[in-house]
Amino acid sequence: MRVEEWQRWDWYQMKVRIHPCLSVLVCVLFLVLVAGCRPVSPPTPPPTAAPVDDARYATMRERMVIETIQARGIRDERVLEAMRTVPRHLFVPEEERPQAYGDYPLPIGFGQTISQPYIVALMTELLDLKPGDRVLEVGTGSGYQAAVLASIPGVEVYSIEIIPELARSAEERLRELGYKVTCKQGDGYYGWPEYAPFDAIIVTAAPDHIPPPLVEQLAVGGRMVIPVGPPGGYQVLWKLVKQPDGELKAYNYGGVAFVPLTGPGVQQHRLQETATPRPK
Ligand code: SAM
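So the sequence shown is numbered by our numbering: it starts at 5 and just counts up by one.
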């Protein structure tokens with residue numbers, strides 16, 4: 005074999021022998037370089053279920069509006085739109101969320117309930133709200149009804165809740181969700197004189213009589229929607245319209261079942277009633 009031939013052969017042998025090692029080495033080096041040079045990015049957040057849930061709840065809400073609200077005669081497009089958009093599932097405890105769009109009340113703690121969607125829609129429609137109206141709600145509860153009211157264009161909403169924990173959590177929830185509602189904790193029996201007169205008053209707990217302070221704080225032409233009846237029993241849902249002479253024109257909307265209106269206001273009235281001697 006000539007010298008150049010041997011060199012060629014030897015070079016070829018070397019190449020064959022070290023080629024696998026070289027490739028492994030190059031690969032390792034490449035990986036180290038790539039890993040080392042990767043830009044430092046914040047850890048990817050875990051995938052959240054929210055968008056899926058939002059879409060699922062929106063479908064449930066749409067069905068609720070068609071099947072239980074429109075089907076039962078609610079026609080005011082502004083009310084229907086509010087019922088379509090307010091996320092009821094965010095106003096109930098987490099364990100109740102799957103039931104949020106059923107047409108029934110649900111527990112919200114402290115022995116209280118969020119009202120049934122159809123009743124919320126009916127009471128809102130009966131208030132006959134117009135842009136510029138000031139509306140008072142007695143019984144904030146979860147804040148759901150207040151959110152529906154605040155979704156009616158041009159309406160100013162005030163809401164009172166007697167249970168401090170509910171008052172606090174509802175105010176917080178409404179703020180976080182972006183609903184403009186002025187809230188306070190207190191006995192709604194006495195209304196909210198600082199902001200009176202109101203064009204509309206909605207009472208979402210049942211007294212056994214119509215609270216006189218609420219009548220006083222209702223503007224002439226104003227509407228009050230209120231369940232009235234014995235605590236623990238069925239009540240009648242009334243729409244009262246204040247006449248120019250201060251009298252109330254009353255319309256009966258049938259039987260409902262609300263939690264009772266509590267607090268010193270109703271109790272004092274009851275005591276006065278029992279203390280007043282009745283003519284024989
Ligand atoms: N509107 C509420 C909602 O959308 O969740 C539901 C109201 S729940 C049926 C009745 C609420 O009225 C309860 O939260 C209860 O604590 C409240 N309440 C009872 N008596 C009250 C009073 N005198 N003043 C203010 N709130 C009262």
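Glycine included, C-beta positions come from ideal geometry on N, C-alpha and C.
Just so it is clear, the structure is predicted and the values come from calculations on it, not from any experiment.
Next item on the list: Report yes if the CB atom of G267 is closer than 8 Å to the CB atom of Y199, and no otherwise.
Entry: The residue you call residue 267 lines up with position 263 of the sequence shown. The residue you call residue 199 lines up with position 195 of the sequence shown. Contact flag unset, no.
Notebook entry, point to check: So, helix, strand or coil for V159, using DSSP?
Noted result: Your numbering for residue 159 matches position 155 in the sequence shown. V159 falls in the coil class under three-state DSSP.
Note to self: Considering only their Cβ atoms, is the gap separating R227 from D132 smaller than 8 Å?
What the structure shows: For the purposes of this step, residue 132 is taken as residue 128 along the sequence shown, with counting starting at 1. For the purposes of this step, residue 227 is taken as residue 223 along the sequence shown, with counting starting at 1. Yes.
Notebook entry, point to check: Does the beta carbon of V142 fall short of 7 Å from some heavy atom of the ligand SAM?
Noted result: Within the sequence shown, residue 142 is the residue found at index 138, counting from 1. Flag set: Cβ of V142 near the ligand SAM.
Note to self: How far does the alpha helix (DSSP H) with P268 in it extend, from its first residue to its last?
What the structure shows: The residue you call residue 268 lines up with position 264 of the sequence shown. First-last of the alpha helix (DSSP H) with P268: P268 to A279.
Next item on the list: Express the C-alpha separation of Q221 and H273 in angstroms, rounding to a whole number.
Entry: Here residue 273 refers to the residue found at position 269 of the sequence shown. Here residue 221 refers to the residue found at position 217 of the sequence shown. Going from the Cα of H273 to the Cα of Q221 covers about 18 Å.
Next item on the list: Identify which residue in A204, G225, P197 and D203 has its Cα closest to the Cα of P217.
Entry: Counting from one through the sequence shown, the residue named residue 217 turns up at place 213. The shortest C-alpha separation from P217 is found at P197.
Notebook entry, point to check: Got a sec: does the ligand SAM put a non-hydrogen atom nearer than 7 Å to the Cβ of A154?
Noted result: Numbered from 1 along the sequence shown, position 150 holds the residue referred to as residue 154. It does not: the Cβ of A154 is nowhere closer than 7 Å to a heavy atom of the ligand SAM.
Next item on the list: Can you check DSSP and say which residues form a bridge with T186?
Entry: Against the sequence shown, residue 186 aligns to sequence position 182. DSSP lists Y162 as partners of T186.
Item checked: Cβ neighbour criterion (16 or more within 10 Å) applied to L275 -> Position 271 of the sequence shown holds residue 275. The residue in question, L275, is exposed, as its Cβ has fewer than 16 Cβ neighbours within 10 Å.
Next item on the list: Output the distance between the C-alpha atoms of I206 and G143, rounded to the nearest integer angstrom.
Entry: For the purposes of this step, residue 206 is taken as the residue at position 202 of the sequence shown. For the purposes of this step, residue 143 is taken as the residue at position 139 of the sequence shown. About 9 Å.
Notebook entry, point to check: In this structure, does DSSP put P121 in helix, strand or coil?
Noted result: Within the sequence shown, the letter at position 117 stands for residue 121. Here P121 sits in helix by DSSP.
Checklist line | Whole-number beta carbon distance between G269 and P215, since they are thought to touch under 8 Å | finding: Taking the sequence shown and counting its residues from 1, one reaches residue 215 at position 211. Taking the sequence shown and counting its residues from 1, one reaches residue 269 at position 265. Rounded, the Cβ-Cβ distance is 6 Å, consistent with contact.
Item checked: DSSP bridge partner residues for L110 (one or two, in chain order) -> Stepping through the sequence shown from its first residue, residue 110 is reached at position 106. Bridge partners of L110: I118.
Note to self: Just to confirm, is the Cβ distance from S146 to F202 under 8 Å?
What the structure shows: For this step, residue 146 is matched to residue 142 along the sequence shown. For this step, residue 202 is matched to residue 198 along the sequence shown. No, Cβ-Cβ distance for S146 and F202 is not below 8 Å.
Next item on the list: Compare the C-alpha of I164 against each of D80, I156, S155 and A150 and name the closest.
Entry: As a first step, residue 164 is located in the sequence shown; it is residue number 160 there, counting from the start. Residue A150 is the option with its Cα nearest to I164.
Next item on the list: Using three-state DSSP, classify E100 as helix, strand or coil.
Entry: One-based indexing of the sequence shown puts residue 100 at position 96. Of the three classes helix, strand and coil, the one that applies to E100 here is helix, per DSSP.
Notebook entry, point to check: Does the Cβ of S123 lie closer than 7 Å to at least one heavy atom of the ligand SAM?
Noted result: To locate residue 123, count along the sequence shown from 1; it is residue 119. Here the sequence assigns Ile to residue 123, which means Ser is not the residue at that position. No.
Checklist line | Given T208 as reference, the closest of L252, D137 and V229 once Cα atoms are compared | finding: Working through the sequence shown from its first residue, we reach residue 208 at position 204. Nearest of L252, D137 and V229 to T208, Cα basis: V229.
Item checked: Neighbour-count burial assignment, R79, 16 or more Cβ in a 10 Å radius -> Numbered from its first residue, the sequence shown carries residue 79 at position 75. Flag for R79 reads exposed.
Margin query: Does the distance between the C-beta of Q103 and the nearest non-hydrogen atom of the ligand SAM fall short of 7 Å?
Written below: By one-based count along the sequence shown, residue 103 stands at place 99. The answer is no for Q103.
Checklist line | Same chain, Cβ closer than 6 Å to V83, neighbours up to 5 away in sequence not counted | finding: Start at 1 with the first residue of the sequence shown, and residue 83 comes out as number 79. Excluding residues within five positions, the ones whose Cβ falls inside 6 Å are A125, T128 and E129.
Margin query: Could you tell me the alpha carbon to alpha carbon distance between R92 and Y148, rounded to whole angstroms?
Written below: Position 88 of the sequence shown holds residue 92. Position 144 of the sequence shown holds residue 148. Rounded to the nearest whole angstrom, the CA to CA distance from R92 to Y148 is 7 Å.
Check: Just curious, the beta strand (DSSP E) that Q239 is in, first and last residue?
Finding: As a working mapping, residue 239 is identified with position 235 in the sequence shown. That run of the beta strand (DSSP E) goes Q239 to K246.
Notebook entry, point to check: Any heavy atom of the ligand SAM within a distance shorter than 7 Å of the CB on L265?
Noted result: Counted from its first residue, the sequence shown places residue 265 at position 261. Yes.
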